[in-house]
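Chemist: After the structure tokens below, expect a handful of questions from me.
What follows is the structure in structure tokens.
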């Protein structure tokens, strides 16, 4: 398997523009997570899905953020309108519960810069 | 509220040295604890996962220990190499949840000098 695939790797946009980040989880994994990483706050969970259903979105900072998972192989994280404080690295991760083991597998992330 | 702390934030050692990275957490009611490695510009790679009922896990030159009662975990790296240079993060899963409850520390940036 190619692992968790995220696109784009880098995104530079202007304040107020819509940004869409994409993620393809590892085939067969039933959990998908969106994280945000900044120097100040470290890694923060934004939202996670189980079998394509959003389970916990309490980490989504504002209504400007939305996430969807239309099928088992694709998810998007959208920011509309974007603001400079949204600049961060956004990671997607997936996992599969096997007994007590539930390791997370991360994508390479999307570096977002909002000017 | 669970808080995870990693000290020091950065560490520089000469090649060949054995070293220990520390992780502490405030709530001992954890489901498991996981150590990750992050290379610059990359995502996180899971290194070791310790269930709450376990005391340690080993993989090659890496050994992770868990002391739930004291809220501590250590990652021991034997015979360090320049290729070990990376940021190491620990994360705990609180009891009663899945990986969605992972709480991460801010990491220790390790530099191994040749």
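Residue numbers (this note's numbering), protein chains in the order written: chain A, 1 to 115; chain B, 1001 to 1114. The beta carbon of each residue, even a glycine, is placed where N, CA and C say it ideally should be.
1. Residues of chain B with a CB under 8 Å from the CB of residue 103 (chain A): which are they?
2. Between which residues of its own chain and residue 1002 (chain B) is the CB-CB distance below 7 Å, once the five residues before and five after are set aside?
3. Could you give the first and the last residue of the continuous beta strand (DSSP E) run that contains residue 10 (chain A)?
4. On the three-state DSSP scale, how would you describe residue 54 (chain A)?
5. In whole angstroms, what is the alpha-carbon distance linking residue 15 (chain A) and residue 1010 (chain B)?
6. Quick one: what's residue 1012 (chain B) bridged to in DSSP?
7. How many angstroms separate the CA atom of residue 1058 (chain B) from the CA atom of residue 1033 (chain B)?
8. Since residue 114 (chain A) is in the beta strand (DSSP E), which residue starts that stretch and which ends it?
9. Which word fits residue 1071 (chain B), buried or exposed, when buried means at least 16 other C-beta atoms lie within 10 angstroms of its C-beta?
10. Distance cutoff 8 Å, beta carbons only. Does residue 1102 (chain B) sit that close to anything in chain A?
Modeler: The short version:
1. 1034, 1046, 1049
2. 1025, 1026, 1027, 1092, 1094, 1103
3. Per DSSP, residue 10 (chain A) belongs to the beta strand (DSSP E) from 10–13.
4. strand
5. 34 Å
6. Answer by DSSP bridge pairing, in chain order: B:1111.
7. 14 Å
8. 110–114
9. Residue 1071 (chain B) counts as buried, since no fewer than 16 other beta carbons sit within 10 angstroms of its beta carbon.
10. Chain A, which has a Cβ nearer than 8 Å to the Cβ of residue 1102 (chain B), makes this yes.
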